[in-house]
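**Student:** Residue numbers (the numbering used here): 9 to 151. By construction, the Cβ of each residue, glycine as well, lies at the ideal position given by its N, Cα and C atoms.
#1: Bridge partners of residue 115, per DSSP?
#2: Could you check whether the segment 47–59 touches the segment 82–96, counting it as contact only if at least three pairs of C-beta atoms, one from each stretch, sit closer than 8 angstroms?
#3: Which value, in whole angstroms, describes the spacing of the CA atoms of residue 125 and residue 138?
#4: Less than 8 angstroms between the C-beta atoms of residue 105 and residue 73, yes or no?
#5: Tell whether a beta-carbon distance below 8 angstroms holds between residue 70 and residue 120.
#6: Let me check one thing: in DSSP terms, what residues is residue 30 bridge-paired to?
#7: By DSSP, does residue 128 sit in helix, in strand, or in coil?
#8: Count the other CB atoms, across all protein chains shown, that sit within 10 Å of the CB of residue 81; report buried if there are 16 or more and exposed otherwise.
#9: So, helix, strand or coil for residue 104, using DSSP?
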């Protein structure tokens with residue numbers, strides 16, 4: 009998309025993406041997905057090509073995600089991100105977000121073997137339980 013422009017604007021504290029805002033009361037960055045959905049719905053009502061509408065929606069989410077991370081990086085100096093969680097089961101969103109972030113100079117990590125949904129949560133729970141029990145090897149399966 010326009011990550012070079014976003015990075016420049018983010019560093020100069022100008023709002024680059026209309027879907028991203030800082031909520032001062034909550035002290036957090038917010039992606040306004042409602043506006044993305046409204047704009048997507050309007051494109052449907054206007055009869056635009058469905059593939060173009062889908063590209064717009066995924067692009068808006070990926071760009072907004074990247075902008076939030078650019079903003080956070082300005083204060084944390086972190087340049088490595090992990091894309092995980094249920095939304096990144098969607099390969100289009102994962103690829104677009106990865107592309108946007110890599111263009112902005114981030115190192116992007118994602119799991120190739122552990123699913124980003126409940127399977128990953130379960131694995132994390134096993135790892136925490138093993139750590140609490142002081143185990144260093146994989147627990148044996150209960151049969």
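**Tutor:** Looking at the coordinates:
#1: Counting from 1 along the chain shown, the entry for residue 115 is found at position 107. In DSSP, residue 115 forms a bridge with 88.
#2: Because the criterion of three Cβ pairs below 8 angstroms is not met, the segment 47–59 and the segment 82–96 do not touch.
#3: Counting from one through the chain shown, the residue named residue 125 turns up at place 117. Counting from one through the chain shown, the residue named residue 138 turns up at place 130. Rounded to whole angstroms, the gap between the alpha carbons of residue 125 and residue 138 is 20 angstroms.
#4: The sequence position of residue 105 within the chain shown is 97, counting from 1. The sequence position of residue 73 within the chain shown is 65, counting from 1. Residue 105 places its beta carbon less than 8 angstroms from that of residue 73.
#5: Stepping through the chain shown from its first residue, residue 70 is reached at position 62. Stepping through the chain shown from its first residue, residue 120 is reached at position 112. Taking a C-beta distance under 8 angstroms as the contact criterion, residue 70 and residue 120 do not qualify as a contact pair.
#6: For the purposes of this step, residue 30 is taken as the residue at position 22 of the chain shown. Looking at the DSSP assignment, residue 30 forms a beta bridge with 37.
#7: By 1-based counting over the chain shown, the position of residue 128 is 120. Here residue 128 sits in helix by DSSP.
#8: Taking the first residue of the chain shown as 1, we reach residue 81 at position 73. Label assigned to residue 81: buried.
#9: The count along the chain shown starts at 1 and reaches residue 104 at position 96. Of the three classes helix, strand and coil, the one that applies to residue 104 here is helix, per DSSP.
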